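Asks: Once you've had a glance at the structure underneath, I'll fire off some questions.
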Amino acid sequence: MKRLVQPSIGLIGQIIAILLLTMVIEFGASTLLYERASQFAVRDDEARRLAEHLVIARRLVVERNRADRPSMAQDLTTQRYAVRWEEGLGAPPPIAPSVATMHDQVIDWEPTLASADLRLRLTSPGRSSVVTGGVRLSDGSWLYFRTLQPLQNLNLAIQRIFLALVPALALMLVAALLVRRALRPMRQLALAADLVGGGTRHVPVEEAGPTEVRRVVAAFNRMQARLERLIADRTHALAAVGHDLRTPLARLRLRADAVGDHATRDAIGRDIGEMEAMVTSLLAFLGGGDDPEEPVLTDVAVLCATLIDDVEDRGLVGAYVGPDHCELVVRPSSLKRALTNLIDNALHYGGGATVILEDVPGGVTLAVEDDGPGIPVGSLRRVMEPFVRLDTARPRDTIGFGLGLPIVARIVENEGGTLTLANREPSGLRAAIFLPRL
């Protein structure tokens, strides 16, 4: 039973997500720090300009008589600052805490303003603020001023953020391509791992990429080499066992022919046949992973019809339903062995076999149906396991180790297809093989 794999993003996706999160945090922090530093620089520059303007304006206004002071103040008004003096103007509001830093900067630039009781205040606080205030003259009157250009506070406009993100996103794309290239050996490793145990000759994976990746690939290649040696040793051992077992069985069959009692001779022959069938099925199952046969274009319709002709030649009930020709790239001998096992089961348990060939989207379905007792629903999956025999559904006079269906399942898996079993109504079993078109 295959284990369900929970969906998740790949290693490249995780690395990109980490880089993206780091970039966003770094970008946000840098933007805030940059804007605050820019704001401080703007305030400091504004304080220097204001200090210079106030010193000059205060000196020029106080030198005029009271009647000329309003016009002098008007003359001192520039595009950046508005200056106003009127008779009887009272003292402006005290210093606002929001401009206390700017007040100190102005005093630092022009210490003489410390004795002039400089007062500052922000009007319309926000992203664009105007500074207003006044300074006291030597005669006790007040000279008012106001900035005509608003101070630029923290500005996180979408346009600025987008422009700052463009190079960052470009760097992220380059980083993603580099990470993908660095992890390419991991993808090749995954493809090679999928081929392990599938009957395909294994090719060592190229050891490339970062040091950690090369170590993993090297370890996989060593494991693959060990598996190949184990499979080769097992194949040689199975070939030797098959030869050693068939030799004494052949001698027993020859000696059985010399037995005079027909009943005894037939019983010995049946036992020998059962032993040969057991050895054949066991070798076919254990040696199935090392099938040297190559896939070729095969007319599976002719193959199915030929198998049914053989059934009818034996005097048994068989039928083929399907097209006259249907070509598919398969291993013909292996597919024939799988269909033969299914047909033999149908003949033994159902008294007849019907082979149905259907051309379906994406591939071909080969189904073998019978009218036998079927298989209990709870055991449909279990019968595909090796050495499983269902006493309730199968009589005990069957030969073999219960490897017929497991052999079929392995052959179908090597072809890249699927095997499904389902009971028919009112009785019978349907074994369907789906083979994809490659």
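Residue numbers (the numbering used here): 19 to 456.
Glycine is no exception: its CB is placed at the ideal position from the N, C-alpha and C atoms.
In this text the structure is predicted, and so the values were computed from the model without any measurement.
1. Among the candidates 323, 360, 443, whose CA atom is the shortest distance from the CA of residue 437?
2. If you check the beta carbons only, do residue 456 and residue 433 fall under 7 angstroms apart?
3. Taking buried to mean at least 16 other C-beta atoms within 10 Å of its own C-beta, is residue 109 buried or exposed?
4. Could you please give the first and the last residue of the uninterrupted alpha helix (DSSP H) stretch that includes residue 208?
5. Determine, using beta carbons only, whether residue 448 and residue 385 come nearer to each other than 7 angstroms.
6. Does the distance from the C-beta atom of residue 69 to that of residue 124 stay below 7 angstroms?
7. Kindly indicate the opening and closing residues of the beta strand (DSSP E) around residue 386.
8. Start and end of the alpha helix (DSSP H) containing residue 318?
9. Out of 152, 423, 115, which one is the CA nearest neighbour of residue 133?
10. For residue 103, which residues does DSSP report across the bridge?
11. I need the boundaries of the beta strand (DSSP E) containing residue 441, first residue and last residue.
12. Would DSSP call residue 40 helix, strand or coil?
13. What are the residues that DSSP puts in a beta bridge with residue 150?
14. Any chance the stretch 334-341 sits against the stretch 362-373, with 3 or more Cβ pairs inside 8 angstroms?
15. Output yes or no for whether 7 angstroms exceeds the beta carbon distance between residue 161 and residue 73.
16. Does residue 203 pass the burial test, meaning 16 or more other C-beta atoms within 10 Å, or should it be called exposed?
17. Less than 6 angstroms between C-beta atoms, sequence neighbours within five positions excluded: which residues of the same chain meet that for residue 349?
18. Given a threshold of 16 other Cβ atoms within 10 Å of its Cβ, counted over all protein chains shown, does residue 55 qualify as buried or as exposed?
19. Short of 6 angstroms in beta carbon distance, which residues of its chain neighbour residue 343, apart from the five on each side in sequence? Order them along the chain.
20. Do residue 166 and residue 98 have their C-beta atoms closer together than 7 angstroms?
21. So the candidates are 226, 451, 210; which of them puts its Cα closest to the Cα of residue 242?
22. Residues in the same chain with beta-carbon distance under 7 angstroms from residue 37, minus the five sequence neighbours each way, listed in chain order, please.
23. Would you mind stating whether residue 238 and residue 207 have Cβ atoms separated by less than 7 angstroms?
24. On the DSSP bridge list, what partners appear for residue 341?
25. Can you check DSSP and say which residues form a bridge with residue 370?
26. Which of helix, strand or coil does DSSP assign to residue 266?
27. Going along the chain, which residues of its own chain have a beta-carbon closer than 7 angstroms to the beta-carbon of residue 374, five neighbours each way excluded?
28. May I have the straight-line CA-CA distance separating residue 35 from residue 377, to the nearest angstrom?
29. Are the CB atoms of residue 267 and residue 290 within a distance shorter than 7 angstroms?
30. How about residue 77 and residue 91: are their beta carbons less than 7 angstroms apart?
31. Quick one: residues in its chain with C-beta nearer than 6 angstroms to the C-beta of residue 271, no 5 flanking neighbours on either side, listed in chain order?
32. Tell whether a beta-carbon distance below 7 angstroms holds between residue 445 and residue 381.
33. Within the same chain, show all residues whose beta-carbon is closer than 7 angstroms to that of residue 440, passing over the 5 residues directly before and after it, in chain order.
34. Along the alpha helix (DSSP H) that carries residue 451, what are the first and last residues, could you check?
Replies: With the given structure in hand:
1. In the sequence shown, counting from the first residue as 1, residue 437 sits at position 419. When only C-alpha atoms are compared, the closest one is 360.
2. Reading the sequence shown from its first residue, position 438 is the one you call residue 456. Reading the sequence shown from its first residue, position 415 is the one you call residue 433. For residue 456 and residue 433, no; Cβs fall outside 7 angstroms.
3. Position 91 of the sequence shown, counted from the start, is the residue given in the question as residue 109. By the neighbour-count rule (16 or more Cβ atoms within 10 Å), residue 109 is not buried but exposed.
4. One-based indexing of the sequence shown puts residue 208 at position 190. Segment 202-213, the alpha helix (DSSP H) holding residue 208.
5. What you label residue 448 is simply residue 430 of the sequence shown in a count that begins at 1. What you label residue 385 is simply residue 367 of the sequence shown in a count that begins at 1. Yes, the Cβ-Cβ distance between residue 448 and residue 385 is below 7 angstroms.
6. The count along the sequence shown starts at 1 and reaches residue 69 at position 51. The count along the sequence shown starts at 1 and reaches residue 124 at position 106. Going by C-beta atoms, residue 69 is nearer than 7 angstroms to residue 124.
7. For the purposes of this step, residue 386 is identified with residue 368 of the sequence shown, where counting begins at 1. Its beta strand (DSSP E) spans residues 381-387.
8. Here residue 318 is taken as the residue at index 300 of the sequence shown, counted from 1. Segment 318-331, the alpha helix (DSSP H) holding residue 318.
9. Counting from 1 along the sequence shown, the entry for residue 133 is found at position 115. Checking every option, the nearest Cα to that of residue 133 belongs to 152.
10. Here residue 103 refers to the residue found at position 85 of the sequence shown. According to DSSP, residue 103 bridges with nothing at all.
11. Position 423 of the sequence shown, counting from 1, holds the residue named residue 441. Where residue 441 is concerned, the enclosing beta strand (DSSP E) stretches over 436-441.
12. The count along the sequence shown starts at 1 and reaches residue 40 at position 22. Here residue 40 sits in helix by DSSP.
13. Locating residue 150 in the sequence shown gives position 132, counting from the first residue. DSSP lists 139, 164 as partners of residue 150.
14. yes
15. Taking the first residue of the sequence shown as 1, we reach residue 161 at position 143. Taking the first residue of the sequence shown as 1, we reach residue 73 at position 55. No.
16. For this step, residue 203 is matched to residue 185 along the sequence shown. That one is buried.
17. For the purposes of this step, residue 349 is taken as the residue at position 331 of the sequence shown. Excluding sequence neighbours, residue 349 sits near 311, 313.
18. The residue given as residue 55 occupies position 37 in the sequence shown. Its pLDDT being 45, under 50, residue 55 is placed unreliably by the model, and the measurement read from it follows with that caveat. Exposed, because fewer than 16 other Cβ atoms sit within 10 Å of the Cβ of residue 55.
19. Translated into the one-based positions of the sequence shown, residue 343 becomes position 325. Hits under 6 angstroms: 317, 319.
20. Within the sequence shown, the letter at position 148 stands for residue 166. Within the sequence shown, the letter at position 80 stands for residue 98. Yes, the Cβ-Cβ distance between residue 166 and residue 98 is below 7 angstroms.
21. Within the sequence shown, the letter at position 224 stands for residue 242. It is 210 whose Cα lies nearest to the Cα of residue 242.
22. In the sequence shown, the residue the question calls residue 37 occupies position 19. Hits under 7 angstroms: 190, 193.
23. By 1-based counting over the sequence shown, the position of residue 238 is 220. By 1-based counting over the sequence shown, the position of residue 207 is 189. Yes, the pair counts as a contact, with Cβ atoms nearer than the cut-off.
24. The count along the sequence shown starts at 1 and reaches residue 341 at position 323. None; residue 341 has no bridge partner.
25. The residue labelled residue 370 in the question sits at position 352 within the sequence shown. For residue 370, which the question treats as bridged, DSSP gives the partners 335.
26. Working through the sequence shown from its first residue, we reach residue 266 at position 248. Correct three-state label for residue 266: helix.
27. Within the sequence shown, residue 374 is the residue found at index 356, counting from 1. Once the five neighbours on either side are set aside, the close Cβ partners of residue 374 are 339, 340, 385, 387.
28. Numbered from 1 along the sequence shown, position 17 holds the residue referred to as residue 35. Numbered from 1 along the sequence shown, position 359 holds the residue referred to as residue 377. Whole-angstrom Cα-Cα distance: 45 angstroms.
29. Walking along the sequence shown from the start, residue 290 turns up at place 272. Walking along the sequence shown from the start, residue 267 turns up at place 249. Yes, the Cβ-Cβ distance between residue 290 and residue 267 is below 7 angstroms.
30. Taking the sequence shown and counting its residues from 1, one reaches residue 77 at position 59. Taking the sequence shown and counting its residues from 1, one reaches residue 91 at position 73. Not a contact, by the Cβ cut-off of 7 angstroms.
31. Looking up residue 271 in the sequence shown gives position 253. Here the set comprises 290.
32. Walking along the sequence shown from the start, residue 445 turns up at place 427. Walking along the sequence shown from the start, residue 381 turns up at place 363. No, the Cβ-Cβ distance between residue 445 and residue 381 is not below 7 angstroms.
33. Taking the first residue of the sequence shown as position 1, residue 440 is located at position 422. Around residue 440: 448.
34. As a first step, residue 451 is located in the sequence shown; it is residue number 433 there, counting from the start. Note, residue 451: premise wrong, no alpha helix (DSSP H); beta strand (DSSP E) at 447-454.
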